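**Q** Okay, here's the structure, questions in a sec.
2 protein chains.
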Amino acid sequence: MSPQPLSPVAAFAALGDPTRLALVGKLSVGTPLSIARLTDGSDLTRQAVTKHLRVLETSGVVGKRQSGRESLYQLRPAAIHDMRAYLEDISRQWDDALARLKAFVEDGAPASD
Amino acid sequence: MSPQPLSPVAAFAALGDPTRLALVGKLSVGTPLSIARLTDGSDLTRQAVTKHLRVLETSGVVGKRQSGRESLYQLRPAAIHDMRAYLEDISRQWDDALARLKAFVEDGAPASD
DNA sequence: GGGTCGCGCAACTTTTGGGTTGCATATTTC
DNA sequence: GAAATATGCAACCCAAAAGTTGCGCGACCC
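Those protein sequence lines, which keep their order, are chains A and B. The first sequence lines up with residues 337 to 449 when you count with the working numbering. The second sequence lines up with residues 337 to 449 when you count with the working numbering.
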């Protein structure tokens with residue numbers, strides 16, 4: 337079966353490449369696509385695309401399914417969701433920090449514990 | 337001034353490294369931190385950290401400010417926000433696609449135009 | 001069955017990235 | 001002003017990533 341989302345790092349790294357992000361874009365339309373299909377628009381070799389897909393699959397961003405002679409790839413929204421959650425966590429921490437700072441400035445040094 | 341968020345690709349790539357993601361984590365507490373401060377926990381050289389910070393800055397994830405002899409780095413929530421928005425866009429496209437598929441299955445082929 | 005289509009594997013080349021070391025320089029501190 | 005701090009810059013090293021080519025093989029179409 338497809339690997340569950342691993343580290344957020346791997347997922348971010350997976351999207352941190354123009355080719356792979358483009359692939360994710362194509363897959364975001366929902367329809368499972370074959371390697372040949374995914375290679376079409378690009379100016380890369382099928383092999384290059386294959387390698388990128390492997391990276392996306394390993395990081396849990398996409399899933400692979402075999403259908404006859406073709407390998408169909410599909411987006412895994414769970415991975416996307418996890419990344420979003422991670423970023424939201426960072427945002428939240430930041431907002432909390434700002435809120436504490438604001439309180440500190442307005443109320444004058446509150447008890448620190 | 338600090339560069340505005342560039343491509344989402346650059347931002348994702350910036351977070352796609354354990355060291356840099358850790359740096360972002362440290363900076364998410366809100367307090368601006370110097371390079372020496374950011375290097376403390378790590379087992380890397382200050383130079384290595386400096387390079388990573390440069391990547392984070394170039395991609396717009398963090399901002400740099402000079403204070404005397406030290407360089408203070410700070411998170412740029414706008415960049416984080418942009419990444420979230422990007423991921424949400426992908427999620428939305430996916431959900432829409434699924435909804436269309438569901439409608440198709442339940443209602444039987446609706447007019448396609 | 002023969003031709004074509006879609007892939008996988010392996011070997012190899014070329015960039016890019018992560019890290020280090022060494023040295024120079026501006027700021028602080030005493 | 002001397003010592004200590006906090007950085008910046010440049011040259012280098014090594015490993016990993018991106019991409020290509022060549023070849024073999026199962027799946028499909030007529």
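Note that CB positions come from ideal geometry on N, CA and C, so glycine has one too. Just so we're clear, the structure is a prediction, and the values are computed from it rather than from any experiment.
Looking at PHE440 (chain B) and the ligand GDP, is the gap between the Cβ and the nearest heavy atom below 7 Å?
**A** For the structure depicted, the ligand GDP is absent and the ligand set is empty, with no information on it obtainable.
**Q** Within the stretch 402-446 of chain A, note down every full beta strand (DSSP E) run reaching 3 residues or more, in order along the chain.
**A** Note on the stretch 402-446 of chain A: whole beta strand (DSSP E) runs with a minimum of 3 residues are 406-411, in chain order.
**Q** Using the Cα positions of VAL391 (chain B) and ASP353 (chain B), report the straight-line distance between them to the nearest angstrom.
**A** Sequence index remark: in the second sequence, residue 391 (chain B) carries index 55 (1-based). Sequence index remark: in the second sequence, residue 353 (chain B) carries index 17 (1-based). If you take the alpha carbons of VAL391 (chain B) and ASP353 (chain B), they lie about 11 Å apart.
**Q** Please report whether the beta-carbon of ARG401 (chain B) lies at a distance below 8 Å from any beta-carbon of chain A.
**A** Here residue 401 (chain B) refers to the residue found at position 65 of the second sequence. No, because no Cβ of chain A sits closer than 8 Å to the Cβ of ARG401 (chain B).
**Q** Residue range of the alpha helix (DSSP H) that GLY381 (chain A) falls in?
**A** Mapped onto the first sequence, residue 381 (chain A) falls at position 45. A quick correction: the sequence has Thr, not Gly, at residue 381 (chain A). Where THR381 (chain A) is concerned, there is no enclosing alpha helix (DSSP H), given that its DSSP letter is neither H nor E.
**Q** Note down the Cα distance separating LEU357 (chain B) from LEU357 (chain A), rounded to an integer number of angstroms.
**A** Your numbering for residue 357 (chain B) matches position 21 in the second sequence. Your numbering for residue 357 (chain A) matches position 21 in the first sequence. Distance between the alpha carbons of LEU357 (chain B) and LEU357 (chain A) is about 19 Å.
**Q** Which residues of the stretch 352-386 of chain A have a Cβ closer than 8 Å to any Cβ of chain B? Give them in chain order.
**A** GLY352, ASP353, PRO354, LEU357, VAL360, GLY361, SER364, VAL365, GLY366, THR367
**Q** Contact criterion: CB-CB distance below 8 Å. Does SER427 (chain A) meet it with respect to chain B?
**A** The residue labelled residue 427 (chain A) in the question sits at position 91 within the first sequence. So yes, SER427 (chain A) belongs to the interface.
**Q** Considering Cα atoms alone, identify which of A:GLU393, A:VAL385, A:TRP430 is closest to PRO413 (chain B).
**A** Translated into the one-based positions of the second sequence, residue 413 (chain B) becomes position 77. Ranking A:GLU393, A:VAL385, A:TRP430 by Cα distance to PRO413 (chain B) puts A:TRP430 first.
**Q** Check whether the Cβ atoms of GLN314 (chain B) and VAL398 (chain B) sit closer than 8 Å, and answer yes or no.
**A** The first residue shown for chain B is 337 and the last is 449, placing residue 314 (chain B) beyond what the model contains.
**Q** State the DSSP-derived secondary structure class of LEU369 (chain B), mapped to helix, strand or coil.
**A** Mapped onto the second sequence, residue 369 (chain B) falls at position 33. For LEU369 (chain B), the three-state secondary structure derived from DSSP is strand.
**Q** Does the separation of the CB atoms of LEU351 (chain A) and VAL360 (chain A) fall below 8 Å?
**A** In the first sequence, the residue the question calls residue 351 (chain A) occupies position 15. In the first sequence, the residue the question calls residue 360 (chain A) occupies position 24. Yes, Cβ-Cβ distance for LEU351 (chain A) and VAL360 (chain A) is below 8 Å.
**Q** Would you tell me roughly how many angstroms separate the C-alpha atoms of LEU342 (chain B) and THR394 (chain B), rounded to the nearest one?
**A** Counting from 1 along the second sequence, the entry for residue 342 (chain B) is found at position 6. Counting from 1 along the second sequence, the entry for residue 394 (chain B) is found at position 58. LEU342 (chain B) and THR394 (chain B): Cα-Cα distance of roughly 8 Å.
**Q** Pull the bridge partners of VAL398 (chain A) from the DSSP assignment, please.
**A** Residue mapping note: residue 398 (chain A) aligns to position 62 of the first sequence, counting from 1. BP columns for VAL398 (chain A) point to A:LEU411.
**Q** Going along the chain, which residues of the stretch 402-423 of chain A sit with their C-beta nearer than 8 Å to a C-beta in chain B?
**A** LEU411, PRO413, ILE416, HIS417, MET419, ARG420, LEU423
**Q** To which residues of the same chain is SER407 (chain B) closer than 7 Å at the C-beta, ignoring the five residues directly before and after it?
**A** In the second sequence, residue 407 (chain B) corresponds to position 71, counting from 1. Same-chain partners within the cutoff: SER370, ILE371, LYS400.
**Q** According to DSSP, is LEU342 (chain A) part of a helix, a strand, or is it coil?
**A** Sequence index remark: in the first sequence, residue 342 (chain A) carries index 6 (1-based). Secondary structure of LEU342 (chain A) (DSSP, three-state): coil.
**Q** Under a Cβ-count criterion, where at least 16 other Cβ atoms within 10 Å of its own Cβ denotes burial, should VAL385 (chain A) be classed as buried or exposed?
**A** Within the first sequence, residue 385 (chain A) is the residue found at index 49, counting from 1. The residue is buried, with at least 16 neighbouring Cβ atoms inside 10 Å.
**Q** With DSSP as the reference, label GLY352 (chain B) as helix, strand or coil.
**A** Position 16 of the second sequence, counted from the start, is the residue given in the question as residue 352 (chain B). Correct three-state label for GLY352 (chain B): coil.
**Q** Is it true that the CB of ILE426 (chain B) sits closer than 8 Å to the CB of SER364 (chain A)?
**A** Translated into positions along the first sequence, residue 364 (chain A) becomes position 28. Translated into positions along the second sequence, residue 426 (chain B) becomes position 90. Cβ atoms of SER364 (chain A) and ILE426 (chain B): closer than 8 Å.
**Q** For a test of the three-state rule: what should DSSP assign to ALA347 (chain B), helix, strand or coil?
**A** Within the second sequence, the letter at position 11 stands for residue 347 (chain B). ALA347 (chain B): helix per DSSP, three-state reduction.
**Q** Out of curiosity, what's the CA-to-CA distance linking ALA421 (chain B) and ASP443 (chain A)?
**A** Start at 1 with the first residue of the second sequence, and residue 421 (chain B) comes out as number 85. Start at 1 with the first residue of the first sequence, and residue 443 (chain A) comes out as number 107. If you take the alpha carbons of ALA421 (chain B) and ASP443 (chain A), they lie about 34 Å apart.
**Q** Just the Cα atoms here: how many angstroms apart are LEU374 (chain B) and PRO368 (chain B)?
**A** Taking the second sequence and counting its residues from 1, one reaches residue 374 (chain B) at position 38. Taking the second sequence and counting its residues from 1, one reaches residue 368 (chain B) at position 32. Looking at the two C-alpha atoms, the distance is approximately 10 Å.
**Q** Against chain B, does PHE440 (chain A) count as a neighbour if the rule is that its beta carbon must be under 8 Å from one of theirs?
**A** Residue mapping note: residue 440 (chain A) aligns to position 104 of the first sequence, counting from 1. Interface with chain B (8 Å Cβ-Cβ cutoff): PHE440 (chain A) is excluded.
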